[in-house]
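Asks: Using the numbering used here, you'd call the opening residue of the sequence shown number 256 and step up by one each time.
Ideal placement from N, C-alpha and C gives every residue a C-beta, glycine not left out.
Dropping the structure in here first, questions after.
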Amino acid sequence: MSERKAVIKNADMERTVQDDAVYVASAAMDKYDIEKDVAAYIKKEFDRKYTPNWHCIVGKHFGSYQTPDNLLENMIEHKAVIKNTNMSTKMQEDAIDVTSDALDKYELEMHIAEYVKKEFDIKYNPTWHCIVGRNFGSYVTHETNNFIYFYLDDRAVLLFKSG
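Listed below in C-alpha cells is the structure:
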C-alpha cells in the first residue's frame, strides 16, 4: 500500500472504525483510478466488515465554494440536466427547485446539500441524503422511487432516501 496522508475533517464513528476507513480507502485508491470504483470498494468492504447499508462518496472537491462573481451569474437562471432518476416527475421538479433555491442562498456545497436534505425530510419524510459537488463518485443503496442524480449548472447533485 502506498504512503498517503489522511486528514479526517469530520467523523461520527469510533476511532478504530475511522482508522479502518482510512486503511480501506487507501487500499481502494491503490486498486482503482475511477472515483466510483473507489467508492464501491469502500462501501462493500464496510458492508462486509460491519453491517450493511453503508454509503460512500469519493471526490476531490468537497467543501469547495463559489466566488462572488459566479454567485451572481448563477442566481439568474439554473440549467438542470437529469442523468439518472427513480422518482416521480413531481419529486424531480421539487429536487431541482429546492436545489436551485439553495444555490441562490448558499456558497458552500455542504450548506447547499444540508438545505436540500432538510427540505426533502420535511416534504417527503426522513431519511434523505444529499451530496453536492463538482467531481465525485458514489455507490449508494436507496429506497425504490426515491433517487435522483442530476446536474444544476456545474454542480452534480445526488439525492436519495435510505433508512
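1) Can you have a look at A294 and say buried or exposed, based on whether 16 or more other CB atoms are within 10 angstroms of its CB?
2) Could you work out which residue in G418, R303, D356 and K416 is closest to D408 when comparing CA atoms only?
3) Opposite G392 in the DSSP bridges: which residues?
4) Between V313 and G392, which are expected to be in contact by the criterion C-beta below 8 Å, what is the C-beta distance as a whole number of angstroms?
5) Between the alpha carbons of Y305 and N341, how many angstroms are there, rounded?
6) Taking 8 Å as the cut-off, decide whether the C-beta atoms of L358 and I351 are in contact.
Replies: Judging by the given coordinates:
1) buried
2) D356
3) V313
4) 5 Å
5) 28 Å
6) no
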